[in-house]
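*Asks:* Everything in the sequence shown is counted per our numbering, starting at 22 for the first residue and increasing by one.
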Amino acid sequence: GVPVLAMIPSVKNGKAVIGRERKLLANGAGERRGSLADYTPAGGDPTVEAFRSLGADLSFLGQGSPSGEARLIVFTSPWRGEGKTFSAVNFAATRALQGIRTLLIDADLRAGSASSTLGLGRGPGLTDVLSGQARLLDVVRMVKVGDHRLAVAPAGALQADVGKLLLAEGLTEVLATATEHFEQVVIDTPPLNIVSDAALFAARADVVLVVVRAGHTDREALDTTLGRLARVGARTVGIVLNDVKSAATYGVYPYGALETEAAS
Numbered sequence: 022g023v024p025v026l027a028m029i030p031s032v033k034n035g036k037a038v039i040g041r042e043r044k045l046l047a048n049g050a051g052e053r054r055g056s057l058a059d060y061t062p063a064g065g066d067p068t069v070e071a072f073r074s075l076g077a078d079l080s081f082l083g084q085g086s087p088s089g090e091a092r093l094i095v096f097t098s099p100w101r102g103e104g105k106t107f108s109a110v111n112f113a114a115t116r117a118l119q120g121i122r123t124l125l126i127d128a129d130l131r132a133g134s135a136s137s138t139l140g141l142g143r144g145p146g147l148t149d150v151l152s153g154q155a156r157l158l159d160v161v162r163m164v165k166v167g168d169h170r171l172a173v174a175p176a177g178a179l180q181a182d183v184g185k186l187l188l189a190e191g192l193t194e195v196l197a198t199a200t201e202h203f204e205q206v207v208i209d210t211p212p213l214n215i216v217s218d219a220a221l222f223a224a225r226a227d228v229v230l231v232v233v234r235a236g237h238t239d240r241e242a243l244d245t246t247l248g249r250l251a252r253v254g255a256r257t258v259g260i261v262l263n264d265v266k267s268a269a270t271y272g273v274y275p276y277g278a279l280e281t282e283a284a285s
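#1: Closest to ALA155 by CA distance: which of THR123, LEU247 and ALA176 is it?
#2: Answer yes or no: do ILE208 and ALA128 have a C-beta to C-beta separation smaller than 8 angstroms?
#3: Please go through the same chain and pick out, in chain order, the residues whose beta-carbon is closer than 7 angstroms to the beta-carbon of LEU196, but skip the five residues on each side of it.
#4: With DSSP as the reference, label PRO212 as helix, strand or coil.
#5: Could you tell me the boundaries of the alpha helix (DSSP H) in which HIS202 lies?
#6: Using a Cβ-Cβ cutoff of less than 7 angstroms, which residues in the same chain neighbour SER31 once the five nearest sequence positions on both sides are dropped?
#7: Buried or exposed: where does GLN119 fall if 16 or more other Cβ atoms within 10 Å of its Cβ makes it buried?
#8: Taking 8 angstroms as the threshold (C-beta atoms), are ALA27 and LEU262 in contact?
#9: Quick check on the DSSP output: what are the complete beta strand (DSSP E) runs of length 3 or more inside the region 222 to 255, in order along the chain?
#10: Can you list, in chain order, the residues of its chain with a C-beta nearer than 7 angstroms to that of GLY142? Leave out the 5 residues immediately preceding and following it.
#11: Taking buried to mean at least 16 other C-beta atoms within 10 Å of its own C-beta, is SER217 buried or exposed?
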């Protein structure tokens, strides 16, 4: 009963995207960088277009949310290795490239995967804000994405009791501040079948996306994730199907050829 909103092709090089397997890939170089300045993919790339189309779909799906728009977007997955962080980081980078003031929050407070992917380190970040040691806007780091900038809130210092920290009233205030200062807030949360942290963010989000990996994710595990999200009242609007090998066969869509045929 949950539609597939995006099919993300398998990635064999870094020309289009970043963050596959926690590596920052830029223009095929494959080395780790502290900036995404080289992330300027050509139009028509199927992976980039998939993330752009996802953003367009969410703008319509958000109209049924409590806020009337999809400003607060949560990414989660059933288990590790589904491509959740890869999808969240690339979606946020794509939105930033479109000139949208975007904040990426690394809410996977145990692993800090998004922070690691972008080479930012753990902190200061979200745990420092939730524990009252910093303000959200003070921990935000600006990462260059092409000619634009993506704001990132790292995970923060590792805390002994993350669950208790997330139950504090400060989480609501953090999200309110984020949506006040940014047009789009993308939150990378932990796999829901491993820890329950994602449910706390999902219950407050405008829309929730569940990332699954083609040929890898167990159907029962996905059912469990969707059931947990339903129980907390999360607005799960769709699935992001990652690592789709068949989609790569389509390549770059030949817009120019079609325009030539139409002219003739």
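Ideal Cβ placement from N, Cα and C applies to all residues, glycine included.
*Replies:* Put simply:
#1: ALA176
#2: yes
#3: LEU93 and ARG225
#4: PRO212 falls in the coil class under three-state DSSP.
#5: Looking at the DSSP string, the run of the alpha helix (DSSP H) that includes HIS202 is 191 to 202.
#6: ASP264, VAL265, LYS266 and ALA269
#7: exposed
#8: Between LEU262 and ALA27, the C-beta gap is smaller than 8 angstroms, which places the two residues in contact.
#9: 228 to 234
#10: SER136 and PRO175
#11: exposed
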